[in-house]
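Here the structure comes first, spelled out in structure tokens, and everything after it is commentary.
As structure tokens, this is what we get:
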């Protein structure tokens, strides 16, 4: 038998494997060492960069510390003749050293020391004065800016009282530096002084700018701080009547308080009169016009209010004469043109009234123009056109009571009592003191023989306007339902209901 022989194993193959293992191990070790060296160099560079950055930061902090520690050069209010004597920029030989003279007071007698509350108060008296329709107005803008820059430095402002902070906030607001004004107002509150003038100035400005939500927030903050202040009540009522979401019921409740407020300025009386017109409170308007006639400084606003009052007193010729004069002075004034159109409509100059109303800007956020176009269409027998214009007025202001009332009158003419009651319900919700809406509501209930509901509505109408009793006695649908004695009983003041708080009014808010 033959035995198979195994080929001899080569010793070189094992050695080669061993050598490869050694080489790969050495390469791996070299790679690890290289990475370690590279990482160390990176760490060293980063550490050096951080040390340099820290050194630079320290240098900057030292410079800032030296600036803060160095007392500011006293800023003196120089008299005009000293400005021309400024030192020449040309270098001159230095004079022998001598003792410096003692510091002098400036031209106004104010020492160049740290500003105190009394010093700032005195300087505020020179740059502010009582305003026509707000607490303050500027006298000297340049001096005001200089005072504000000095008084708000940290070394001065920390020692100033809350009352001074409040006045400085008003000054910053008048200069339209809103960020600084808010900061100063916050400082006044921290020191226990409410920034009343700041809230009044900024709230009024936001209202004029159309920033209604901000204006309402500021107005109600002011009203909560000083609920008995006519200025606070006036601003709150104006904010409530700002479109697009007006609140006439709440504004009307404030108007009652304002109507009996003493010591209103000419500007405040003018604004109160405008509110009375918006709310159709002709009793308040008559009182405002009478007060403005005795106040100095009443001009254009007084003339417009006088013309509107004349329209509602059926003095159409007088009203047109005033409005024509005002139109010559300001041809684009919305209110002047609106009330001129109303006067023309009352004079049965329908075409001239139409042209005037159509010339009003259609994108104005005011419902009155659309409303009077609807009334004009009704006068001309265009019921469909009137409905379109009245709906357009409600698109601008969904709580515009006169438009609901006019739509209800249309519904009553076509014997649609249900629609009339719905419109009048919305009208009385929007304007709880609108006597004509309650009177129409009594007619709607009377047409459907709902005597108790008609009596309740008529009682409210007569409580708000007793002159409607004569109209009720001449209205057949009411005389069929009520006797003369019953109508007289409904008009007795003892049965007048108390005004309720409108739905949605916040407890303790303006509606109360």
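Numbering (my numbering), first residue to last: 1102 to 1613.
C-beta: ideal position from N, C-alpha, C; glycine also.
All values reported here derive from a predicted model rather than from experimental measurement.
Ranked by Cα distance from residue 1372, the options 1395, 1502, 1405 and 1354 are led by 1405.
Sixteen is the threshold: since fewer than 16 other Cβ atoms of the shown chains lie within 10 Å of the Cβ of residue 1226, the residue is exposed. Under the three-state reduction of DSSP output, residue 1239 falls in the strand class. Residue 1530 sits in a helix when the DSSP states are folded into three classes. Relative to the Cα of residue 1272, the nearest Cα in the group 1252, 1256, 1260 and 1259 belongs to 1252. Under the three-pair Cβ rule at 8 Å, the stretch 1416-1429 does not count as touching the stretch 1559-1575. Under the 8 Å Cβ criterion, the stretch 1373-1387 does not count as touching the stretch 1231-1247, having fewer than three qualifying pairs. Secondary structure note for residue 1416: it is in no alpha helix (DSSP H), with a DSSP letter that is neither H nor E. Minimum Cα-Cα distance from residue 1245 among the listed residues 1229, 1536 and 1309 corresponds to 1229. In this structure, DSSP gives residue 1229 an extended state, which the three-state scheme calls strand. Excluding the 5 residues flanking it on each side, residue 1303 has same chain C-beta neighbours closer than 8 Å at 1274, 1279, 1282 and 1319, in chain order.
Using a Cβ distance threshold of 8 Å, residue 1442 and residue 1458 count as a contacting pair. Residue 1497 and residue 1466 have their C-alpha atoms roughly 6 Å apart. Here the alpha carbons of residue 1335 and residue 1392 stand approximately 16 Å from one another.
Straight through space, the alpha carbons of residue 1355 and residue 1315 are spaced by roughly 20 Å. Per the coordinates, the alpha-carbon of residue 1377 lies some 42 Å from the alpha-carbon of residue 1250. Here the C-alpha atom of residue 1470 lies approximately 15 Å from the C-alpha atom of residue 1409. Taking a C-beta distance under 8 Å as the contact criterion, residue 1500 and residue 1531 qualify as a contact pair. Residue 1567 sits in coil when the DSSP states are folded into three classes, being neither helix nor strand. Under a 10 Å Cβ-count criterion, residue 1436 is classified as buried, with 16 or more other Cβ atoms of the shown protein chains found around its own Cβ. Between the alpha carbons of residue 1429 and residue 1540 lies a distance of about 39 Å.
Distance from the CA of residue 1325 to the CA of residue 1337, rounded to the nearest whole angstrom, comes to 10 Å. Here residue 1396 carries a coil assignment [DSSP, helix/strand/coil]. Within the same chain, and ignoring the five residues on either side of residue 1548 in sequence, the residues whose Cβ sits closer than 8 Å to its Cβ are 1513, 1516, 1518 and 1578. Here the alpha carbons of residue 1533 and residue 1504 stand approximately 15 Å from one another.
DSSP, reduced to helix, strand and coil, places residue 1501 outside both helices and strands of the structure shown, so it counts as coil. In this structure, the beta-carbon distance from residue 1440 to residue 1476 does not fall below 8 Å. Less than 8 Å divides the Cβ of residue 1343 from the Cβ of residue 1308. Contact between residue 1292 and residue 1263 holds: their C-beta atoms lie close to 3 Å from each other, under 8 Å. DSSP, reduced to helix, strand and coil, places residue 1218 within a helical segment of the structure shown. In the displayed model, residue 1496 falls within a helix according to three-state DSSP. Rounded to the nearest whole angstrom, the C-alpha separation of residue 1568 and residue 1414 is 14 Å.
Cα atoms of residue 1233 and residue 1367: separation of roughly 7 Å, rounded to the nearest angstrom.
Secondary structure at residue 1131: helix, using DSSP grouped into helix, strand and coil.
Between the alpha carbons of residue 1379 and residue 1389 lies a gap of roughly 14 Å. Distance from the Cα of residue 1447 is smallest, within the candidate group 1480, 1463 and 1432, for 1480.
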